[in-house]
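In this note's numbering, the protein residues as written are 12 to 122. Where a beta carbon is used, it is the ideal one built from N, C-alpha and C, also for glycine.
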């Protein structure tokens, strides 16, 4: 199962997310749950870097299927607003996958 944990600041903003595990929906190379979750998460990280010039702290050192993304705390108000919009869009996309494939992906919100 893929687990995605979102960690929030005290004022309700997403400060990091961690994705780990494998969906095991289908064999490697045919797993649409894994492909969808990976595309959404990596697309969001790439969008943050390209559209906001924010450089999140990325860790992919765990076993395959691991991604941790930490948002820097010292962002301008404009950059923070853009980053939060992208992260909220990511969360909604992942929740859509979870709604249809809940046996294979679980989202945890650590507010």
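Around the Cβ of residue i, are there at least 16 other Cβ atoms within 10 angstroms (buried) or fewer (exposed)?
i           : result
residue 19  : exposed
residue 77  : exposed
residue 14  : exposed
residue 105 : buried
residue 32  : buried
Pull the bridge partners of residue i from the DSSP assignment, please.
i           : result
residue 125 : The question about residue 125 has no answer, for the chain in this structure spans 12 to 122.
residue 119 : 16
residue 81  : 27, 68
On a Cα-Cα basis, can you pick out the residue from the options that is closest to residue i?
i           : options          : result
residue 85  : 52, 47, 119, 68  : 68
residue 73  : 102, 23, 29, 100 : 29
residue 93  : 63, 36, 118, 26  : 63
residue 25  : 37, 53, 75, 83   : 83
residue 101 : 88, 90, 58, 65   : 58
residue 22  : 75, 38, 91       : 91
residue 65  : 88, 51, 37       : 88
residue 56  : 37, 75, 118, 81  : 81
With DSSP run on the structure shown, which of helix, strand or coil describes residue i?
i          : result
residue 86 : coil
residue 68 : strand
residue 57 : helix
residue 38 : coil
By Cβ distance, which residues of its chain are closer than 8 Å to residue i, with the 5 residues on each side in sequence left out?
i          : result
residue 34 : 12, 13, 42, 44, 45, 48, 112, 115, 116
Please list, in chain order, all residues of the same chain as residue i whose beta carbon is under 7 Å from its beta carbon, the five residues on each side excluded.
i           : result
residue 70  : 79
residue 121 : 16, 17, 18, 19
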